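Each remark here refers to the structure printed beneath this line.
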Amino acid sequence: MDSILGLVQALPATDSWGPPVTTDTLRDGLPYAPFSKGDKLGRMADWTAEGKDREGRGGRQQYGRNFRDQPYGAGAGLQTALNIEGIGEEASFSIVDNSRTAARRTFGRGGGTVFRGRGGARGGAAQRGGRGGTFQRVGGARPGQQQYDNRAAQRGGRGGRRGGWKDWDKPQRTREASVQPRDTWKLLEEIDFNRLIKLNLDTGDGEDVEDYGFLYYYDRQFDKQPGAPTSFRKLNVVERAAYNVTTSHDPIIQDLAAKDAASIFTTSDILSMLMCAPRSVYSWDLIITRQGNKVFIDKREGSNVDRVTVNENAADAPLETSEGTKDTINNVGALMEEATHINHVFPIQTVTESQTSKRDMANEHPFYNPEEETDPPASKAYKYRKFDLSLEADEQPLHIIVRTELDAVVKNAISGEDQYLTIKALNEFDNKAIGSGGALDWRTKLASQRGAVVATEMKNNSCKLARWATQAILAKADQMKIGFVSRVNPKTSNDHVILGVLGYKPREFAAQMNLNLNNGWAIVRTFVDMVMSQDEEEAKFVLVKDPNKPTIRLYNVPRDTFEEEEEMAGIDEE
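Take the sequence shown: its letter number 111 is residue 111 in full-length UniProt numbering, and every next letter is one higher.
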């Protein structure tokens, strides 16, 4: 017994149970810390541990999902030893990035926030061809984190395609304005689209004032089964004299204004841009001139109003030139030039040119001069139509005259009467390229899945198709023909093939797109009232769509704004 007590007394005294603290060190004096393979390791070096309990791990019950990267167990002992030795200098470090990997977003109960369109659940309005555009989450972003849009949510709903990897982390696209405001411009109003879409004004169908030009008959051979190889035709370039004269330079509008036929004057391509403004994404601008009690709505030389957009409303729109894309033929500028060219030559090819079989309007072509032009004029009729924008509270009636355009005429198969047509073309560039918007392969799907192809185009080109439908309704066209033109080779934009043509009644097509013309007329009346409410009776205004926000701004500008640019453009043409 005594020998046992002596042995115990010979053992070294300790303050607590467990193995004694070792004094062994590794190379360069780094203290040794025990490690158990059952302990969970966080980071090799955690610079964010300041202010945490370093006296021990405090039990496993204190470990939560939000603190799974904090060291505990033997790892915590390493930090304690570092502090004891005096070689830890955590206080001198600042946080660089401590964000965890984003958890998988779900669309069920308890999942992340889902941003939807006007349709509510199951896909929203965008899938039905409703109002396009990108719904963005703003505010609440962490420092250094880019705001993300809801591309995945727009594709959400049952049966919708999910976004690609890290779609949520894509930075917001920055676009340039069509025209930069100058120091001499005075901002009068700034209106967001949410206010514009609530407006409503019923104007009726309008009435014809005068008509000019002539129309060739539409070639029904293009109405063969779209997408069938027998209906494919090469798109040919036919040189014809075509005109796109702005409002103030139209001699017919000048005569009508001198006769006080109306108070507001414009053209259908300009007016359709303003009426469909809430659907637009790209920047554009219009010039509004007040001369006494008359208002002229014009477009600027080289404005985006004359350019045909491609997949403007797609969730992943084509890349901007400023984004440094190497795909030079599929960026925004190149695609707009290609689409504009196609829409110039396509209506010419789809008519049968015959001097003995054509429809002449009451007056001759207002812009064609045979003594100056070397090419014959293209098939085009100009109808000047009047609409009533008056309200019950108005002391005097307010009318607008719009120059509308028609492209061809066709015999009704039953009654034999002539029906007026507008002819436009959608173009396919590469359904596998960035900015295709999930479009189907037209060559294989146009014949078998025509509805799906058209629905996708309504979603990706909501603004463009709404403008075309508006122009057809303004002109009181009986039908609108829409061609499907594709590249012969997706890698080149020089050669195209016509895959087929589909016909629609303008108002039925507008109903499919949820297009409300009464809302468009109310938008026009709103800006006209803003201009007429100014004290100056002789003034010029510029309307600019913000390139990155759903907002329109109205500026009061000097009378000579843009006149130098127009003079230089005229010199270049000469």
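Just so you know, even glycine gets a beta-carbon here, dropped at the ideal spot from N, CA and C.
No experiment lies behind these values; they were computed from the predicted model shown.
Helix, strand or coil at residue i [DSSP, three-state]
{"i": "residue 334", "result": "helix"}
{"i": "residue 455", "result": "helix"}
{"i": "residue 510", "result": "helix"}
{"i": "residue 244", "result": "coil"}
{"i": "residue 204", "result": "coil"}
{"i": "residue 292", "result": "coil"}
{"i": "residue 577", "result": "There is simply no residue 577 to check, as the chain begins at 1 and stops at 574 in what is shown."}
{"i": "residue 269", "result": "helix"}
{"i": "residue 500", "result": "strand"}
{"i": "residue 435", "result": "coil"}
{"i": "residue 278", "result": "helix"}
{"i": "residue 411", "result": "strand"}
{"i": "residue 222", "result": "helix"}
{"i": "residue 177", "result": "coil"}
{"i": "residue 477", "result": "coil"}
{"i": "residue 377", "result": "strand"}
{"i": "residue 304", "result": "helix"}
{"i": "residue 484", "result": "strand"}
{"i": "residue 559", "result": "coil"}
{"i": "residue 575", "result": "Lying before the first or after the last residue shown, residue 575 is absent from the chain, which here runs from 1 to 574."}
{"i": "residue 126", "result": "At residue 126 the pLDDT is 38, less than 50, meaning the model places this residue with poor confidence; the figure from the coordinates comes in the next sentence. Helix."}
{"i": "residue 554", "result": "strand"}
{"i": "residue 232", "result": "coil"}
{"i": "residue 191", "result": "strand"}
{"i": "residue 259", "result": "coil"}
{"i": "residue 529", "result": "helix"}
{"i": "residue 524", "result": "helix"}
{"i": "residue 393", "result": "coil"}
{"i": "residue 115", "result": "For residue 115, the predicted model reports a pLDDT of 31, less than 50, meaning its position is unreliable and no value from the coordinates is stated."}
{"i": "residue 182", "result": "coil"}
{"i": "residue 576", "result": "One cannot answer for residue 576 here, as it falls past the ends of the chain, which runs 1 to 574."}
{"i": "residue 445", "result": "helix"}
Best match in the options for proximity to residue i [C-alpha to C-alpha]
{"i": "residue 575", "options": "424, 488, 273", "result": "No answer is possible for residue 575: it lies beyond the span of the chain, which begins at 1 and ends at 574."}
{"i": "residue 535", "options": "395, 291, 460", "result": "291"}
{"i": "residue 444", "options": "197, 484, 478, 186", "result": "484"}
{"i": "residue 256", "options": "271, 488, 296", "result": "296"}
{"i": "residue 651", "options": "352, 458, 259, 386", "result": "The displayed coordinates of the chain run from 1 to 574. Any statement about residue 651 would go beyond what the structure contains."}
{"i": "residue 356", "options": "227, 215, 540, 527", "result": "215"}
{"i": "residue 539", "options": "549, 554, 525", "result": "554"}
{"i": "residue 227", "options": "363, 440, 197", "result": "440"}
{"i": "residue 381", "options": "189, 397, 420, 392", "result": "420"}
{"i": "residue 231", "options": "512, 363, 442", "result": "442"}
{"i": "residue 524", "options": "196, 262, 190", "result": "196"}
{"i": "residue 462", "options": "512, 416, 414", "result": "512"}
{"i": "residue 343", "options": "253, 486, 262", "result": "486"}
{"i": "residue 188", "options": "533, 550, 559", "result": "533"}
{"i": "residue 361", "options": "354, 348, 375, 379", "result": "379"}
{"i": "residue 374", "options": "239, 192, 249", "result": "239"}
{"i": "residue 201", "options": "391, 414, 398", "result": "391"}
{"i": "residue 505", "options": "490, 259, 477", "result": "477"}
Check: residue i C-beta below 7 Å from any heavy atom of the ligand COA
{"i": "residue 338", "result": "What this structure holds is no ligand at all, so the ligand COA is not there to describe."}
Close-in-space but distant-in-sequence residues of the same chain around residue i (CB under 7 Å, 5 per side omitted)
{"i": "residue 303", "result": "178, 284, 285"}
{"i": "residue 435", "result": "311, 314, 316, 317, 318, 319, 330"}
{"i": "residue 488", "result": "495, 496, 497"}
{"i": "residue 447", "result": "225, 226, 227, 228"}
{"i": "residue 548", "result": "174, 175"}
Own chain residues within Cβ distance below 6 Å of residue i, not counting five before or after
{"i": "residue 503", "result": "479, 481"}
{"i": "residue 358", "result": "214, 216"}
{"i": "residue 575", "result": "Outside the shown range of the chain, which is 1 to 574, sits residue 575, and nothing can be said about it."}
{"i": "residue 600", "result": "Shown here, the chain extends from 1 to 574; a query on residue 600 therefore has no answer."}
{"i": "residue 560", "result": "none"}
{"i": "residue 468", "result": "424"}
{"i": "residue 537", "result": "292"}
Same chain only: Cβ atoms within 8 Å of residue i, ignoring 5 sequence neighbours per side
{"i": "residue 557", "result": "182, 184, 185, 186, 540, 541, 542"}
{"i": "residue 562", "result": "287, 300, 301"}
{"i": "residue 218", "result": "350, 351, 352, 408, 409, 410, 421, 423, 481"}
{"i": "residue 252", "result": "210, 212, 366, 382, 384, 403"}
{"i": "residue 457", "result": "426, 439, 465"}
{"i": "residue 492", "result": "329"}
Where are the alpha helix (DSSP H) runs, 4 residues long or more, that stay fully inside the region 308–374, in chain order? 332–349
Are there three or more Cβ pairs, one per stretch, closer than 8 Å when the region 237–256 is compared with the region 416–430? no
Take every Cβ of the region 471–485, pair it with every Cβ of the region 397–411, and state whether three or more of those distances are shorter than 8 Å. yes
Spell out a yes or no on whether the region 357–372 and the region 225–236 are touching, meaning 3 or more CB-CB pairs, one atom from each, closer than 8 Å. no
The region 484–496 / the region 211–225 touching (three or more Cβ pairs under 8 Å): no
Can you find at least 3 beta carbon pairs, one from the region 514–525 and one from the region 266–286, that sit closer than 8 Å? yes
Three or more C-beta pairs under 8 Å: does that hold for the region 384–398 against the region 199–209? yes
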